[in-house]
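For the sequence shown, full-length UniProt numbering assigns the number 1 to the initial residue and increments by one for each residue that follows. Heads up, the beta-carbon is just placed ideally off N, CA and C, and yes, glycines get one too.
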Amino acid sequence: MTPDAECVFADETVLDAAEKMARLDVGSLPICGSDNRLKGMLTDRDIVVKVLAKGKEPTSCKAGEPAQGEAVIICADDDAGEILKTMASHRVRRLPVIDGHTLVGMVMLC
């Protein structure tokens, strides 16, 4: 698990999110609301397909708009088998790790 995962806030711009992805060298970011609770996930593909290809302006489009629906999550105490099963059943390679309602990290398949 990568601890201390950074998130992008739903009201930040898509440009802010893209810059954060580039700085962190990641292809997705968790989206958090003003209450610091996980609201969804934003991927680099979401930015290309749902913002740029649609002619939306990344400096005014909010990160929460193109995000995928409710995020698939795992709990901090889930074991490796459960994590792999969740990834396979939802066809994802990255999952936010939640402890209670707090984002505590990310796990990814390499």
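Cutoff 6 Å; reference residue i; Cβ partners in own chain excluding five residues on either side
i: G105; result: M1, T2, P3, A5, V97
i: K62; result: D11
i: P58; result: V14, L15, V51
i: L42; result: A17, L29, I31, A63, A67
Contacts around residue i, its chain only, beta-carbon distance under 7 Å, and the 5 residues preceding and following it disregarded
i: R94; result: S28, M106, M108
i: A53; result: none
Any non-hydrogen atom of the ligand ADP closer than 7 Å to residue i Cβ
i: V104; result: Absence of the ligand ADP from the depicted structure is noted, as is the absence of any ligand whatsoever, leaving it without description.
Burial state of residue i (16 or more Cβ within 10 Å)
i: G81; result: exposed
i: G100; result: exposed
i: A88; result: exposed
i: G55; result: exposed
Pair within 8 Å by beta-carbon distance, residue i and residue j
i: L24; j: C32; result: no
i: I73; j: I83; result: no
Whole-angstrom distance between residue j and residue i, CA atom to CA atom
i: F9; j: A76; result: 22 Å
i: L103; j: V49; result: 26 Å
i: V26; j: R91; result: 18 Å
i: D44; j: M21; result: 8 Å
i: C7; j: P30; result: 5 Å
i: T86; j: C110; result: 16 Å
i: N36; j: D78; result: 22 Å
Minimum C-alpha distance to residue i - residue among the options
i: A18; options: G64, N36, S34; result: G64
i: residue 130; options: D78, C7, K85, A71; result: Any answer about residue 130 is impossible in this case: the structure gives the chain only from 1 up to 110.
Nonlocal neighbours in the same chain, by C-beta distance under 8 Å from residue i, ignoring five residues either side
i: S60; result: T13
i: S34; result: F9, A10, D11
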